[in-house]
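> Residue numbers (the numbering used here), protein chains in the order written: chain A, 1017 to 1390; chain B, 1017 to 1390; chain C, 1017 to 1390; chain D, 1017 to 1390. The beta carbon of each residue, even a glycine, is placed where N, CA and C say it ideally should be. My questions will all concern the structure given below.
Protein chains: 4
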Amino acid sequence: MSSKPEVGVGIVGYGLMGRAHAHGYTVAPHVRDLPCLPRLRVISGRNSEAVARAAARYGVEEWTADWREVVTRPDVQIVDVCTPPGTHAEIVEAAAAEGKAVLCEKPLAAEYAAAATAARVVADAGVPNAIGFNYRRLPALALMKRLIDEGHVGDILLWRSVWLSDEFLDPDIPFDWRFERAMGASTIADLGAHLIDLALWMVGEIVDVAAQSETFTPERSGRSVDVDEASSVLVRFADGARGTFEMARTCARRPCDFFVEVNGTGGTLRFDYPRLNELWYGDARDDDVFYGLRRIRAESPRHPYARDWWPIGQGLGYGVTFVNQAADHLERWPDGPWDPDLAQGARVQSICEAMERAAAEARWVGVREIDYAR
Amino acid sequence: MSSKPEVGVGIVGYGLMGRAHAHGYTVAPHVRDLPCLPRLRVISGRNSEAVARAAARYGVEEWTADWREVVTRPDVQIVDVCTPPGTHAEIVEAAAAEGKAVLCEKPLAAEYAAAATAARVVADAGVPNAIGFNYRRLPALALMKRLIDEGHVGDILLWRSVWLSDEFLDPDIPFDWRFERAMGASTIADLGAHLIDLALWMVGEIVDVAAQSETFTPERSGRSVDVDEASSVLVRFADGARGTFEMARTCARRPCDFFVEVNGTGGTLRFDYPRLNELWYGDARDDDVFYGLRRIRAESPRHPYARDWWPIGQGLGYGVTFVNQAADHLERWPDGPWDPDLAQGARVQSICEAMERAAAEARWVGVREIDYAR
Amino acid sequence: MSSKPEVGVGIVGYGLMGRAHAHGYTVAPHVRDLPCLPRLRVISGRNSEAVARAAARYGVEEWTADWREVVTRPDVQIVDVCTPPGTHAEIVEAAAAEGKAVLCEKPLAAEYAAAATAARVVADAGVPNAIGFNYRRLPALALMKRLIDEGHVGDILLWRSVWLSDEFLDPDIPFDWRFERAMGASTIADLGAHLIDLALWMVGEIVDVAAQSETFTPERSGRSVDVDEASSVLVRFADGARGTFEMARTCARRPCDFFVEVNGTGGTLRFDYPRLNELWYGDARDDDVFYGLRRIRAESPRHPYARDWWPIGQGLGYGVTFVNQAADHLERWPDGPWDPDLAQGARVQSICEAMERAAAEARWVGVREIDYAR
Amino acid sequence: MSSKPEVGVGIVGYGLMGRAHAHGYTVAPHVRDLPCLPRLRVISGRNSEAVARAAARYGVEEWTADWREVVTRPDVQIVDVCTPPGTHAEIVEAAAAEGKAVLCEKPLAAEYAAAATAARVVADAGVPNAIGFNYRRLPALALMKRLIDEGHVGDILLWRSVWLSDEFLDPDIPFDWRFERAMGASTIADLGAHLIDLALWMVGEIVDVAAQSETFTPERSGRSVDVDEASSVLVRFADGARGTFEMARTCARRPCDFFVEVNGTGGTLRFDYPRLNELWYGDARDDDVFYGLRRIRAESPRHPYARDWWPIGQGLGYGVTFVNQAADHLERWPDGPWDPDLAQGARVQSICEAMERAAAEARWVGVREIDYAR
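See below:
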């Protein structure tokens, strides 16, 4: 079929993210002309039976119950980390030590310090590395970034971002690791990390934050819940723009509803994930007769990623973000760089931690309190 | 035509609000069977030529350049205050001293202290009194309140409210009183007061706030601008619910876009003003097969106010809020009480002031710091 | 208050349309600077008690049980006909014979022949005359017409129009005149007449039609229903454009949902009545990067009618169509002409009749079969 | 990885549909636990260079310039036909003669007679066979069908379907096979076939049609265009329901916008493809306080297909229809039956042909005129 060089991929973790990343590698070569072909060599997980089933389903050649095996196999060049956040840093560092390229799911770690260390270790190792902010790979969001960069909204004044779900609304949902802060769980990090990444990418550095957090169901299965279920945040950007964030998992009939909006001196851009193939744009300099926002159908061949897919109007879904992510990485194989990298993962983590501290201490927190290097 | 008793109305101020309130009195008797008929006796304004023109246009019998004349005329029973906020308190107090019923536009005053005094004065005078939170009179928002009260969302956990406009985006807009804090101007009070009123009405008392404000164009026409152009706020409600507010007048192609949403233990309700005849509702207990939000067409005869108007589906607009407001007041003539009253106006003012202080001092502010009585 | 000349108005019929028209005259002088002031002199209806109540509610000075009195009163200059369609022609003709200006609700008559005669009689009488196609007076639809006329969609290729309601869905709704063809009732004429008027206005003459009609509940209260409950139609316009119409009153949870769309060589325009303050526009020549439709907020001061009303973004409703209609007529008092006139009413009727015949005979019908003069 | 039996697939045609079907087979085993594993053995196309490139890209093991080779290879069990419609019947029949299972893209043929013959040939051969109505495999449309079958809209009264695109709007698009009727091209068949399939599936048999067609650009590249660019149709269903269809490729800024709606005695269901993860439902028996349509997020685990994919709210796209189609077929391997089968393809073709005849002859056409067997 093809004489392209193969790149061995090992996936650590076989849950939803493991499945999504495997999907990405499976489909990527079919949508873009890549310089190499990924082979899913191995997947790991502690439950042997489950990981064996996952390997068969995801199309991975072998499985193991020991993630260290993934990291050390000579036929694996890319280690893809899809485990709970509290375990990321150790795996990432081990992979980098073996000279493997690393893609790590977000958030990068349970604490900023661990995230920063992991980012520094991979940078020192000189391996391609990336953090899994997959939503950047949606055509509509990538187009939003491009329109901002091209000046279509002028200087950004305001940022607004909200992520609502109902996953924690029911108080009878039993305790699991998502309710345990030590595992790296928190609503700020789980939902918010994506929004923070988008804000840093589209607007720029965040310098100060104020926040509040609430846990409406403080106990589950007789155990204490120490993660926030809902948090909201005010931020000041380095260039003077102001922003808001809200992430909440107690919103009935809101399955996974996030939106982001920027208002600049020259226009407005808005994206609503429930209508993920659309981007709304208003140009302040347009003739007033056409006053309002345009609904851009973000699937034109001139839009990012869209030419790899279907004719305009057919619609893309969540899955394409993982395919585009894999394609972007493989396209730059073997030298990279990959973007966003683990340093961005650490940067996002510093904002998460500033938000948590601001909520806990009920005061404005400078991001430099967390990240002295800034 | 009718043998109903007449009630004389005098309007102080002939700008947009004067026009809107006059519209309300003109149409109210045609949509509801009232115990009395309003007569627009007099309107006042400092510019004689303009107020004379306004009197003719709005259908007011006489005009005057002196607001004190409105307040003292024996044929005026209701004084309707539509001047800039900094002038409200004095007029309100003078009207109450004359035993007149008072409707005052929002915000009630430039400072909480003045608002509280005005509210106390009218209460002591025992006259019917009201603050102009007209959006409560939209069928969709009144329905939202009713559904909350009837338990359709359970206990409220989260409140979210945003008001976006572009009125201040252009830096070449010349200086006028809207940019002058001493006149009672501020984005928090002008746009935010409505949202705060809705939050207090639908959720309950607010106890703590954190806020940020920004003025992107600090000088206009060579004069310094001392009001916020954009503010965002975190709040804690007395019963533990958490909320967010944003009000901004620098959002391109956003003419007057406000929305409010509550998420409760049993459901979600959401209202978007650009689609003002709709209310979105999701019931957490519904069969999952129908998972999502319903778009309630808030014009059914069973909805508040709607039976006074047109058949379902025809659509209502901004004007009806003033008609409904006038009808609600006249319906309770002469004894009242009117709702929301000036005490609610003062309550809202205390929150505005807490938000301003929280932004100015970059810290969480307890509403009790403003309003000791609470 | 004003020294403008007064114009006496008499309304025949006190149902929903009588109320809506009275509302129009009441508010019109407050939104536009008119050359005259309307006075609601008299309203008529066969049920004395009900019409007396209506007079008081609508603000009409006197009432009568005999419509001929309205027509002959010397203090009435405008006769406004709001009775069931089967009675229109006789009243219109009597009013014209008395030299009165006439506004007649749609449809103009139960049959084309009667409509054509009525139109000719008023034309011969030389009185200002109008047919009540009120939706033309919505800012968004008036803007749609203007954008077409200015060439923003190029040459029109396709027209598409649908009107859905659920008023006849329940088979237990008892028989009344709306189910009786002899009274001028039909879904084609009641809902369709508005769509036909918009099509003729925006696109041009219709020359051929094919249609189907259905009555799903053929009997109510033991009486036979001889009107269509749902009809759909194909049309060919004189200039080669093609179009579709559907009007149906058996659509659950569709209260009054109409939309119209044109597709031209240069663009698309679409209007949805449930979001009546918006007009959607796509320009085929726009940069592909912005591919899609714009949501124009049709309330800008530069849009038709909008400057008479509220600031952009506040929203207008059904009621304004009647106010704008009254203002348009009074603005051209006493000479007229008014637009659309009864001749347009007759033209629309000829299309309705062609549609009915096409459905009854299951064949394409040329409009010239109905209207030989064309 | 797996010990499941393999099923060899050969694809005839390497255009967009060839790519989409290959995608389906590639991903299907990863979303559902299938009894067998597909192997993409071979793909054919007349342009050797292009088909070789396609084979590499789509992940097909071998390629050939001769479709007969695909049909006769012993290691191919499923022949998947993705060529222009005019060539389908011959390939389908050849494949069936070799005992291969057949999936054929729609429309099945250029004429009904050929379609009927092909359907009969495969039926006689007793091989699993299917027609590519992929949109049935969208969760939202599959849910719509299920809700109808479960009685959620009662008896269907009205069907409404529209498909708009702008692919033929520009008169400078050069001539190709899509403008040539002899190749099986027509807007009725290309866009309409999907809508017709959905109507037959959801509502039932169509017995009579009236139609109009237009070709606004009758000549391209100096050649005459003999296909319709825009057609609209009225239909009567066997059970008395009425319906409309419109398909048009001259609609500016409408990329691929189709919607379908049914109105029944008990409710309304509506689907808009541009928001393909939503289904709108209104229950006529609901409490009037909730009057309106619900926006069902058609991605719940309880919805068809959705459990194979991502968590609710993440969004699916066009690609999943082909994956679900492949999975549905492979799940029933080797015995079938597959659904919809080629007989349904022929049934749809009979309606297309009736529509074409009705337009050409400007009269109502009974479907039995085309398909005597009915």
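Contact criterion: CB-CB distance below 8 Å. Does Asp1165 (chain A) meet it with respect to chain C?
Position 149 of the first sequence, counting from 1, holds the residue named residue 1165 (chain A). Answer no: the Cβ-Cβ gap between Asp1165 (chain A) and chain C never drops below 8 Å.
> Counting contacts by CB-CB distance shorter than 8 Å, is Val1067 (chain B) in contact with chain C?
Numbered from 1 along the second sequence, position 51 holds the residue referred to as residue 1067 (chain B). No, Val1067 (chain B) lies away from the interface with chain C (no Cβ there is under 8 Å from its Cβ).
> Just grab the DSSP bridge partners of Tyr1297 (chain B) for me.
Here the question's residue 1297 (chain B) lines up with position 281 in the second sequence. In the DSSP output, where bridge partners are listed per residue, Tyr1297 (chain B) has B:Leu1285, B:Arg1310.
> Using the rule of at least 16 other Cβ atoms within 10 Å of the residue's Cβ for burial, across every protein chain shown, is Ser1366 (chain B) buried or exposed?
For this step, residue 1366 (chain B) is matched to residue 350 along the second sequence. Answer is buried; the Cβ neighbour count reaches 16.
> So what does DSSP say about Gly1382 (chain B), is it helix, strand or coil?
Reading the second sequence from its first residue, position 366 is the one you call residue 1382 (chain B). Strand at Gly1382 (chain B).
> I'd like to check one pair, Val1086 (chain A) with Val1137 (chain A): are the Cβ atoms closer than 8 Å?
For the purposes of this step, residue 1137 (chain A) is identified with residue 121 of the first sequence, where counting begins at 1. For the purposes of this step, residue 1086 (chain A) is identified with residue 70 of the first sequence, where counting begins at 1. No; because the gap between Cβ atoms is not below 8 Å, this pair is not in contact.
> Pairs of beta-carbons, one from the region 1343-1352 of chain D and one from the region 1350-1363 of chain A, closer than 8 Å: are there three or more?
No: the two stretches stay apart, fewer than three of their Cβ pairs being nearer than 8 Å.
> Taking the alpha carbon of Leu1216 (chain B) as the reference point, which residue from B:Pro1187, B:Asp1206, B:Arg1258, B:Thr1231 has its own alpha carbon closest?
Your numbering for residue 1216 (chain B) matches position 200 in the second sequence. Among B:Pro1187, B:Asp1206, B:Arg1258, B:Thr1231, the Cα nearest to that of Leu1216 (chain B) is on B:Arg1258.
> Quick one: which unbroken beta strand (DSSP E) runs of 3-plus residues sit fully inside the region 1181-1255 of chain C? Chain order, please.
The qualifying runs are 1222-1230, 1246-1253.
> Can you give me the Cβ contacts of Met1017 (chain C) inside the same chain, cut-off strictly under 7 Å, excluding the 5 residues immediately before and after it?
Your numbering for residue 1017 (chain C) matches position 1 in the third sequence. Any reading at Met1017 (chain C) needs caution, since the residue's pLDDT is 47, under 50, leaving its predicted position unreliable; the model's value is listed next. Counting only Cβ-Cβ distances below 7 Å, and skipping sequence neighbours, we find nothing.
> I'd like the span of the alpha helix (DSSP H) that includes Glu1109 (chain C), first residue to last.
Numbered from 1 along the third sequence, position 93 holds the residue referred to as residue 1109 (chain C). First-last of the alpha helix (DSSP H) with Glu1109 (chain C): 1104-1113.
> If you measure beta-carbon to beta-carbon, which residues of the region 1324-1353 of chain D are closer than 8 Å to chain A?
Result list: Trp1325, Trp1326, Pro1327, Ile1328, Gly1329, Gln1330, Gly1331, Leu1332, Gly1333, Tyr1334, Gly1335, Val1336.
> Could you run through the region 1260-1284 of chain B and flag, in chain order, every residue whose CB is less than 7 Å away from some CB of chain C?
Listed by position along the chain: Pro1271, Cys1272, Asp1273.
> Name the chain A residues whose beta carbon is nearer than 8 Å to that of Gly1298 (chain B)?
One-based indexing of the second sequence puts residue 1298 (chain B) at position 282. Result: Ala1268, Arg1269, Arg1270.
> Can a CB atom of chain C be found closer than 8 Å to the CB of Ser1366 (chain A)?
Position 350 of the first sequence, counted from the start, is the residue given in the question as residue 1366 (chain A). No, its Cβ sits nowhere closer than 8 Å to a Cβ of chain C.
> So, is the C-beta of Tyr1307 (chain D) closer than 8 Å to a C-beta in chain C?
Counting from one through the fourth sequence, the residue named residue 1307 (chain D) turns up at place 291. Chain C contact via Cβ: present.
> Which residues, taken in chain order from the region 1138-1171 of chain A, show a beta carbon closer than 8 Å to some beta carbon of chain B?
Answer set for the region 1138-1171 of chain A: Val1169.
> Tell me, please, whether the region 1374-1384 of chain B touches the region 1373-1386 of chain A by the rule of three or more beta-carbon pairs shorter than 8 Å.
Segments in contact, yes.
> Go through its chain and collect everything with a Cβ distance to Tyr1388 (chain A)'s Cβ below 6 Å, but skip five positions before and after it.
Looking up residue 1388 (chain A) in the first sequence gives position 372. Cβ within range, chain order: n/a, list empty.
> Could you tell me whether the Cβ atoms of Glu1196 (chain B) and Val1243 (chain B) are closer together than 8 Å?
Walking along the second sequence from the start, residue 1196 (chain B) turns up at place 180. Walking along the second sequence from the start, residue 1243 (chain B) turns up at place 227. Contact flag set, yes.
> Spell out whether any CB of chain A is found under 8 Å from the CB atom of Arg1318 (chain C).
Position 302 of the third sequence, counted from the start, is the residue given in the question as residue 1318 (chain C). It does; some Cβ of chain A falls within 8 Å.
> Please identify the residue among D:Thr1233, D:Val1219, D:Pro1090, D:Ala1125 whose C-alpha is closest to the C-alpha of Leu1173 (chain C).
For this step, residue 1173 (chain C) is matched to residue 157 along the third sequence. Of D:Thr1233, D:Val1219, D:Pro1090, D:Ala1125, the residue nearest in Cα terms is D:Thr1233.
> Ignoring anything shorter than 3 residues or poking outside the region 1042-1088 of chain C, list the beta strand (DSSP E) runs there in chain order.
Segments of the beta strand (DSSP E) lying fully in the region 1042-1088 of chain C: 1053-1060, 1078-1080.
> Give the C-beta separation of His1319 (chain B) and Pro1155 (chain B) to the nearest angstrom, bearing in mind that I take them to be a contact with Cβ-Cβ under 8 Å.
Within the second sequence, the letter at position 303 stands for residue 1319 (chain B). Within the second sequence, the letter at position 139 stands for residue 1155 (chain B). That pair is a contact at about 5 Å.
> Please list, in chain order, the chain B residues whose beta carbon lies closer than 7 Å to that of Asp1304 (chain D).
Stepping through the fourth sequence from its first residue, residue 1304 (chain D) is reached at position 288. The answer, in chain order, is Ser1316, Arg1318.
> Let's see if you can read the secondary structure: which residues bound the alpha helix (DSSP H) around Glu1372 (chain C)?
Residue 1372 (chain C) sits at position 356 when you count from the first residue of the third sequence. Residues 1358-1377.
> Should Leu1032 (chain B) go down as buried or exposed, given a rule of 16 or more other Cβ atoms within 10 Å for buried?
Position 16 of the second sequence holds residue 1032 (chain B). With fewer than 16 other Cβ atoms within 10 Å, it is exposed.
> Give a yes or no on whether 8 Å exceeds the smallest Cβ distance from Ala1112 (chain B) to chain A.
The count along the second sequence starts at 1 and reaches residue 1112 (chain B) at position 96. For Ala1112 (chain B), the answer is no, since every Cβ of chain A falls outside 8 Å of its Cβ.
> Closer than 8 Å by beta-carbon distance: list the chain C residues that pair up with His1039 (chain B), in chain order.
Start at 1 with the first residue of the second sequence, and residue 1039 (chain B) comes out as number 23. Per Cβ cutoff of 8 Å: Val1043, His1046.
> For Asp1255 (chain B), is the classification buried or exposed, using 16 other Cβ atoms within 10 angstroms of its Cβ as the cut-off for buried?
If you number the second sequence from 1, residue 1255 (chain B) lands on position 239. The residue is exposed, with fewer than 16 neighbouring Cβ atoms inside 10 Å.
> Straight-line CA distance for Ile1147 (chain D) to Val1076 (chain D)?
Here residue 1147 (chain D) refers to the residue found at position 131 when the fourth sequence is read from its first residue. Here residue 1076 (chain D) refers to the residue found at position 60 when the fourth sequence is read from its first residue. Roughly 22 Å separates the two Cα atoms.
> I'd like to know if Arg1057 (chain A) contacts chain D, where contact means its C-beta is closer than 8 Å to some C-beta of that chain.
Indexing the first sequence from 1 puts residue 1057 (chain A) at position 41. It does not: the Cβ of Arg1057 (chain A) has no partner Cβ on chain D nearer than 8 Å.
> Would you tell me roughly how many angstroms separate the C-alpha atoms of Ala1110 (chain C) and Glu1369 (chain C), rounded to the nearest one?
What you label residue 1110 (chain C) is simply residue 94 of the third sequence in a count that begins at 1. What you label residue 1369 (chain C) is simply residue 353 of the third sequence in a count that begins at 1. About 24 Å.
> Quick one, which residues of the region 1197-1230 of chain A are near chain B if we go by CB-CB under 9 Å, in chain order?
So the close ones are Asp1224, Ala1226, Ala1227, Gln1228, Ser1229, Glu1230.
> Closer than 8 Å by C-beta to Glu1385 (chain C): which residues in its own chain qualify, once you throw out the five before and the five after it? Chain order, please.
As a position in the third sequence, residue 1385 (chain C) is number 369, starting the count at 1. Excluding residues within five positions, the ones whose Cβ falls inside 8 Å are Ala1370, Arg1373.
> Rounded to whole angstroms, what is the Cα-Cα separation between Ala1322 (chain B) and Arg1270 (chain C)?
One-based indexing of the second sequence puts residue 1322 (chain B) at position 306. One-based indexing of the third sequence puts residue 1270 (chain C) at position 254. The alpha-carbon atoms of Ala1322 (chain B) and Arg1270 (chain C) are separated by roughly 17 Å.
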